[in-house]
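Residue numbers (the working numbering): 86 to 241.
No residue lacks a Cβ here, since even glycine has one placed at the ideal position from N, Cα and C.
It should be emphasised that the depicted structure is a prediction, and the values quoted were computed from it without experimental measurement.
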């Protein structure tokens with residue numbers, strides 16, 4: 086979004102403000118805006134906005150876990166939950182929409198900053214499933230972190 090002074094007297098100064106919505110941006114970015122004027126010597130000027138957006142809390146290697154194998158023997162999946170701020174964050178729980186298929190366990194690696202979430206298949210039957218987990222935190226900027234678990238469990 087851009088805001089600007091619409092009328093600037095000849096030889097005067099004006100103000101241009103550019104904002105970006107970083108809610109869908111991760112990592113480094115570069116944005117460009119062109120300011121047009123009626124100045125015959127310089128009809129346009131390019132403004133560049135560069136930066137990096139870091140997630141409040143990130144999941145490594147990502148927001149997806151795959152569990153595959155024989156019923157009762159499938160190796161568990163895991164993600165690391167990483168707090169990217171200077172102040173600690175506490176995990177307050179995990180909501181699981183398939184408690185009859187998977188069990189979760191959280192281990193604190195670096196208190197307040199790094200956690201390991203392990204997800205184990207506890208299915209009584211073979212089959213494919215998709216579970217949706219919601220990791221809850223005490224961080225008001227990121228109170229919930231979604232995580233998807235895909236299971237492919239087979240008999241012997």
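Beta-carbon separation (whole angstroms), residue i vs residue j, contact threshold 8 Å
| i | j | result |
| --- | --- | --- |
| residue 156 | residue 211 | 6 Å |
| residue 221 | residue 231 | Going by Cβ atoms, the distance from residue 221 to residue 231 rounds to 11 Å, so no, they are not a contact pair. |
| residue 216 | residue 181 | 7 Å |
| residue 148 | residue 233 | 6 Å |
| residue 120 | residue 129 | 7 Å |
| residue 104 | residue 135 | 14 Å between Cβ atoms; not a contact. |
| residue 118 | residue 87 | 6 Å |
Where residue i falls, given that 16 or more other Cβ within 10 Å makes a residue buried
| i | result |
| --- | --- |
| residue 133 | exposed |
| residue 168 | buried |
| residue 224 | buried |
| residue 111 | exposed |
| residue 97 | exposed |
| residue 197 | exposed |
| residue 93 | exposed |
| residue 187 | buried |
| residue 99 | exposed |
| residue 194 | exposed |
Beta carbon of residue i nearer than 9 Å to that of residue j
| i | j | result |
| --- | --- | --- |
| residue 165 | residue 214 | no |
| residue 218 | residue 174 | no |
| residue 151 | residue 239 | no |
Where residue i falls: helix, strand or coil (DSSP)
| i | result |
| --- | --- |
| residue 108 | helix |
| residue 97 | coil |
| residue 172 | coil |
| residue 127 | coil |
| residue 91 | coil |
| residue 197 | coil |
| residue 118 | strand |
| residue 182 | coil |
| residue 226 | coil |
| residue 143 | strand |
Sheet register partners of residue i (DSSP bridge)
| i | result |
| --- | --- |
| residue 151 | 235 |
| residue 203 | 163 and 190 |
| residue 213 | 237 |
| residue 135 | 115 |
| residue 102 | 88 |
| residue 219 | 180 and 231 |
The ligand MG heavy atom lying under 8 Å from the CB of residue i
| i | result |
| --- | --- |
| residue 127 | This structure does not include the ligand MG; it has no bound ligands of any sort. |
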